[in-house]
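I have placed the structure first, in the form of structure tokens, so that the comments after it can refer back to it.
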């Protein structure tokens, strides 16, 4: 089972952001992560500094969401839809995307 640490997750997203900005090749998971990162420019500054990202605590009391949790949720929903697990999630998200005219908004609603 894949169980990365909090630091691993944060470094992954920061590395993907850096590779994408540099035009470096991305593997399949990195490509998917990069697409969701592109949908969230409000997170780009935090993703640009991996050491600060690893050190930062996200409590929500400052009104900011945890970008790493948020992006991880996008990846999780994407994976669930790709294998339709739990059964029916693919159709539910597709219907939401059609209703909202946005896969991005459908993911947010599914969260």
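In the numbering used here, the protein residues as written are 54 to 164. Even for Gly, the Cβ is constructed at its ideal location relative to N, Cα and C.
| Asked | Found |
| --- | --- |
| What residues in its chain sit with their C-beta under 7 Å from that of residue 127, if we drop five residues either side in the sequence? | 89 and 160 |
| For the alpha helix (DSSP H) that contains residue 124, what are its first and last residues? | 120 to 136 |
| Can you give, in chain order, each stretch of the alpha helix (DSSP H) that sits fully within the region 54 to 118 and has at least 4 residues? | 59 to 75, 81 to 91, 97 to 100 and 103 to 108 |
| Output yes or no for whether 9 Å exceeds the beta carbon distance between residue 91 and residue 67. | no |
| Given this structure, state the Cα-to-Cα distance separating residue 153 from residue 162, to the nearest angstrom. | 10 Å |
| Please list the terminal residues of the continuous alpha helix (DSSP H) segment that includes residue 153. | 142 to 153 |
| Quick check on the burial criterion: 16 or more other C-beta atoms within 10 angstroms. Buried or exposed for residue 55? | exposed |
| Residue 146 and residue 136 - do their beta-carbons sit closer together than 9 Å? | no |
| Relative to the alpha-carbon of residue 57, which residue among 139, 121 and 149 has its alpha-carbon at the smallest distance? | 121 |
| Which value, in whole angstroms, describes the spacing of the CA atoms of residue 118 and residue 84? | 23 Å |
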